[in-house]
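K.L.:
Okay, here's the structure, questions in a sec.
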Amino acid sequence: MSFSATKFVQPLPINSFTASRSNDKPLSFDPFKTSSSFLGSTLNLRFHASSKASRHRRITVAAVSNVVKDRKLQSSANLLLTGEEALVLYEDMVLGRAFEDMCAQMYYRGKMFGFVHLYNGQEAVSTGFIKLLRQDDYVVSTYRDHVHALSKGVPARAVMSELFGKATGCCRGQGGSMHMFSKEHNLLGGFAFIGEGIPVATGAAFSTKYRREALKQADADQVTLAFFGDGTCNNGQFFECLNMAALWKLPIVFVVENNLWAIGMSHLRATSDPEIWKKGPAFGMPGVHVDGMDVLKVREVAKEAIERARRGEGPTLVECETYRSRGHSLADPDELRDPAEKAHYAGRDPISAFKKYMIENKLANEQELKNIDKKVDEIIEDSVEFADESPLPPRSQLLENVFADPKGFGIGPDGSYRCEDPKFTEGTAQV
Numbered sequence: 294m295s296f297s298a299t300k301f302v303q304p305l306p307i308n309s310f311t312a313s314r315s316n317d318k319p320l321s322f323d324p325f326k327t328s329s330s331f332l333g334s335t336l337n338l339r340f341h342a343s344s345k346a347s348r349h350r351r352i353t354v355a356a357v358s359n360v361v362k363d364r365k366l367q368s369s370a371n372l373l374l375t376g377e378e379a380l381v382l383y384e385d386m387v388l389g390r391a392f393e394d395m396c397a398q399m400y401y402r403g404k405m406f407g408f409v410h411l412y413n414g415q416e417a418v419s420t421g422f423i424k425l426l427r428q429d430d431y432v433v434s435t436y437r438d439h440v441h442a443l444s445k446g447v448p449a450r451a452v453m454s455e456l457f458g459k460a461t462g463c464c465r466g467q468g469g470s471m472h473m474f475s476k477e478h479n480l481l482g483g484f485a486f487i488g489e490g491i492p493v494a495t496g497a498a499f500s501t502k503y504r505r506e507a508l509k510q511a512d513a514d515q516v517t518l519a520f521f522g523d524g525t526c527n528n529g530q531f532f533e534c535l536n537m538a539a540l541w542k543l544p545i546v547f548v549v550e551n552n553l554w555a556i557g558m559s560h561l562r563a564t565s566d567p568e569i570w571k572k573g574p575a576f577g578m579p580g581v582h583v584d585g586m587d588v589l590k591v592r593e594v595a596k597e598a599i600e601r602a603r604r605g606e607g608p609t610l611v612e613c614e615t616y617r618s619r620g621h622s623l624a625d626p627d628e629l630r631d632p633a634e635k636a637h638y639a640g641r642d643p644i645s646a647f648k649k650y651m652i653e654n655k656l657a658n659e660q661e662l663k664n665i666d667k668k669v670d671e672i673i674e675d676s677v678e679f680a681d682e683s684p685l686p687p688r689s690q691l692l693e694n695v696f697a698d699p700k701g702f703g704i705g706p707d708g709s710y711r712c713e714d715p716k717f718t719e720g721t722a723q724v
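Now the structure itself:
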């Protein structure tokens, strides 16, 4: 099974950014003057050897999707999606962006604590993949997990309350920003350590395959999405899980959100071969490279990878080149990235590009989009009010979900929580 042909823009040579440091000249790159293919796979899902592209990757994705340009004159009958589908995608991306903007406000007002990593700029990846899933499919996230949770259907109230550390949060206030989890929505968690979620996702995919083949459960055809960043792709568990998934043909899609920076380290400086997609064919699975700033391209690739996994044809590695518009976390002053680079990607905003596409192709009008914007604003305001008014977790909850044995160290002989003993919290209790 092959991916359908999708046009990709020529990656921009990295020296175009480094050169701008010395003379501050504006970028002169014209995104619509190139018809070259993306530096990545040819979107052929047949197993193949890595391309002979230069080891020094000509990165980055450099233009607003030419899907917008190429399809201007087409009728709605030939579009990639219906008007109803387009509105769903738009609302999901706007919700993610507005939610993260509000998180920044609340963090600086002291409503949130610890590290908070925002997703601004990467919405096309979350929306493009997760909105194609069924309710019973699985998602495993990273520490940048708020928007993944929202896309999977976790209510904004539950996500915001978790960020506030309140009992009404999706983890009852015990997870916080980096550990969103919802059993109801099959969101198997955000993970603070990079790569930590990949083995969990591989295990979830193995569970599906085991239930189908060993337990003969005909309805066990769930697909698992494992999200992680470029900084993870030199870690051991990434390679080990690619091997296991390919060996056992697990129903999983490995989604690399390559935003080009691992905290303050450029992806080009951190890996010997920056073309992450090529690591898929090395393990016997397809490797695909896609413009992660274009929700339509992401959705097209995601659709085929997800369907392939559901048919039992095994895993796919998808590298989505995207860009985060904020620093690594809200504690990061973001002084290491070139201002010209950030300005360039701000001009490629995935929400603005998709909005333009919708209007030009008459999938929606301005009023419909304004109504969605207003609806999202109301959802965000409501989530903040709800979180602010929600109670803090009781002290008796402190040791729940910590010890596997309910009568272990955290529980006294009478069944009460030791943390309720004043001497325990003072460190003077006999235990």
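Counted from 1, the sequence shown has number 525 at position 232 by my numbering; the numbering is strictly sequential.
Note that CB positions come from ideal geometry on N, CA and C, so glycine has one too.
Just so it is clear, the structure is predicted and the values come from calculations on it, not from any experiment.
1. Decide yes or no for the touch test of the region 569-576 against the region 642-650: beta carbon pairs closer than 8 Å, at least 3 of them.
2. In the DSSP output, what is T609 paired with across the bridge?
3. Just how far apart, CA to CA, sit T335 and L382?
4. Tell me the DSSP secondary structure of Y616 in three-state form.
5. With distance defined between alpha-carbon atoms, name the residue in Q428, A460, R402, G490 nearest to S438.
6. Consult DSSP for F521 and reduce its assignment to one of helix, strand or coil.
7. Give the DSSP-derived three-state secondary structure of G490 in the structure shown.
8. For the beta strand (DSSP E) that Y412 lies in, which residues bound it at each end?
9. Should V269 and F422 be called a contact, given that it needs their Cβ atoms to be closer than 8 Å?
10. Taking V594 as the reference, give the member of C534, S434, V549, H478 with the closest Cα.
11. How is S709 classed by DSSP in three states: helix, strand or coil?
12. Quick test of the definition: if touching needs 3 or more C-beta pairs under 8 Å, does the region 523-534 touch the region 550-561?
13. Assuming K445 and H478 are in contact, meaning their beta carbons sit under 8 Å apart, how far apart are those beta carbons, in whole angstroms?
14. I'd like to know whether the C-beta atoms of Y431 and A538 end up nearer to each other than 8 Å.
15. Under the three-state reduction of DSSP, which class applies to S475: helix, strand or coil?
16. I need the DSSP call for V695, collapsed to helix, strand or coil.
17. Given H560, which residues of its chain have a CB within under 8 Å of its CB, disregarding the five upstream and five downstream residues?
18. For a minimum of 3 consecutive residues, which ranges assigned as the beta strand (DSSP E) are wholly contained in the region 624-666?
19. Nearest-angstrom Cα distance between L662 and L380?
20. Applying the criterion that 16 or more other CB atoms from any shown protein chain within 10 Å of the CB defines a buried residue, is F406 buried or exposed?
21. Please look up how many angstroms separate the CB atoms of T517 and A494, rounded, as I've assumed it's under 8 Å.
22. Just verifying my parser: in three-state terms, what is the DSSP assignment at G573?
23. Along the chain, where does the beta strand (DSSP E) that runs through G580 open and close?
24. If we ignore side chains and look at the alpha-carbon of each, how far apart do D429 and D512 end up?
25. Just the C-alpha distance for L543 and N528, rounded to the nearest angstrom, thanks.
26. Tell me where the alpha helix (DSSP H) around V440 begins and ends.
27. Where do the ends of the alpha helix (DSSP H) carrying Y401 lie?
28. With three or more C-beta pairs closer than 8 Å as the rule, is the region 672-680 touching the region 442-462?
29. Counting only C-beta atoms, is L374 closer than 8 Å to chain C at any point?
30. Which residues in the same chain as S683 place their Cβ atom closer than 6 Å to its Cβ, once the five residues preceding and following it in sequence are excluded?
31. How far does the beta strand (DSSP E) with V433 in it extend, from its first residue to its last?
32. Whole angstroms are fine: how far does the CA of L685 sit from the CA of D707?
33. Does S559 come out as helix, strand or coil in the three-state DSSP assignment?
34. Can you tell me where the alpha helix (DSSP H) holding Q530 begins and where it ends?
35. With respect to the alpha helix (DSSP H) encompassing A417, which residues constitute its N-terminal and C-terminal limits?
36. Return helix, strand or coil for L480, following the three-state DSSP convention.
P.N.:
Judging by the given coordinates:
1. no
2. Taking the sequence shown and counting its residues from 1, one reaches residue 609 at position 316. V546, per the DSSP bridge assignment.
3. Locating residue 335 in the sequence shown gives position 42, counting from the first residue. Locating residue 382 in the sequence shown gives position 89, counting from the first residue. At T335 the pLDDT is 34, less than 50, meaning the model places this residue with poor confidence; the figure from the coordinates comes in the next sentence. Approximately 26 Å, taken between the alpha carbons.
4. Position 323 of the sequence shown, counted from the first residue, corresponds to residue 616. If DSSP states are grouped into helix, strand and coil, Y616 belongs with coil.
5. Sequence index remark: in the sequence shown, residue 438 carries index 145 (1-based). Ser is not the amino acid found at residue 438; the sequence shown has Asp there. Comparing Cα positions, the closest option is G490.
6. Position 228 of the sequence shown holds residue 521. Three-state result, F521: strand.
7. Here residue 490 refers to the residue found at position 197 when the sequence shown is read from its first residue. It is helical.
8. Here the question's residue 412 lines up with position 119 in the sequence shown. Careful: Y412 lies outside any beta strand (DSSP E) and carries neither H nor E.
9. Absent from the model: residue 269. The displayed extent of the chain is 294 to 724, so no value can be given.
10. In the sequence shown, residue 594 corresponds to position 301, counting from 1. Closest option to V594, Cα to Cα, is V549.
11. Taking the sequence shown and counting its residues from 1, one reaches residue 709 at position 416. Coil, per DSSP.
12. yes
13. If you number the sequence shown from 1, residue 445 lands on position 152. If you number the sequence shown from 1, residue 478 lands on position 185. That belief holds up - the Cβ atoms of K445 and H478 are roughly 5 Å apart, short of 8 Å.
14. Position 138 of the sequence shown, counting from 1, holds the residue named residue 431. Position 245 of the sequence shown, counting from 1, holds the residue named residue 538. Contact flag unset, no.
15. Here residue 475 is taken as the residue at index 182 of the sequence shown, counted from 1. In this structure, S475 counts as strand in the three-state DSSP scheme.
16. Indexing the sequence shown from 1 puts residue 695 at position 402. If DSSP states are grouped into helix, strand and coil, V695 belongs with coil.
17. Within the sequence shown, numbered from 1, the residue matching residue 560 stands at position 267. Closer than 8 Å at the Cβ level, and outside the excluded window around H560, lie I352, D523, G524, N551, L553, W554, P567.
18. none
19. Taking the sequence shown and counting its residues from 1, the one referred to as residue 662 is at position 369. Taking the sequence shown and counting its residues from 1, the one referred to as residue 380 is at position 87. Between L662 and L380, the C-alpha separation is close to 8 Å.
20. Residue numbering aside, residue 406 sits at position 113 when the sequence shown is read from its first letter. With fewer than 16 Cβ atoms within 10 Å of its Cβ, F406 is classed as exposed.
21. Within the sequence shown, numbered from 1, the residue matching residue 517 stands at position 224. Within the sequence shown, numbered from 1, the residue matching residue 494 stands at position 201. So it is a contact: roughly 5 Å between Cβ atoms.
22. Along the sequence shown, read from residue 1 onward, the residue named residue 573 stands at position 280. In the structure shown, G573 sits in a helix (DSSP, three-state: H, G or I).
23. Walking along the sequence shown from the start, residue 580 turns up at place 287. Unbroken beta strand (DSSP E) run through G580: 580-584.
24. Mapped onto the sequence shown, residue 429 falls at position 136. Mapped onto the sequence shown, residue 512 falls at position 219. Looking at the two C-alpha atoms, the distance is approximately 11 Å.
25. For the purposes of this step, residue 543 is identified with residue 250 of the sequence shown, where counting begins at 1. For the purposes of this step, residue 528 is identified with residue 235 of the sequence shown, where counting begins at 1. Distance between the alpha carbons of L543 and N528 is about 20 Å.
26. Here the question's residue 440 lines up with position 147 in the sequence shown. Unbroken alpha helix (DSSP H) run through V440: 439-444.
27. Against the sequence shown, residue 401 aligns to sequence position 108. Y401 -> alpha helix (DSSP H) spans 376-401.
28. yes
29. The structure shown contains no chain C; it holds only a single protein chain.
30. On the sequence shown, position 390 is the one that residue 683 refers to. Cβ within range, chain order: S454, K459, T461.
31. The sequence position of residue 433 within the sequence shown is 140, counting from 1. 431-433 is the extent of the beta strand (DSSP E) around V433.
32. Residue mapping note: residue 707 aligns to position 414 of the sequence shown, counting from 1. Residue mapping note: residue 685 aligns to position 392 of the sequence shown, counting from 1. Cα-Cα distance, rounded: 26 Å.
33. Here residue 559 is taken as the residue at index 266 of the sequence shown, counted from 1. It is a strand residue.
34. Translated into the one-based positions of the sequence shown, residue 530 becomes position 237. Residues 529-541.
35. Start at 1 with the first residue of the sequence shown, and residue 417 comes out as number 124. That run of the alpha helix (DSSP H) goes 416-423.
36. As a working mapping, residue 480 is identified with position 187 in the sequence shown. Reduced to three states, the DSSP call for L480 is strand.
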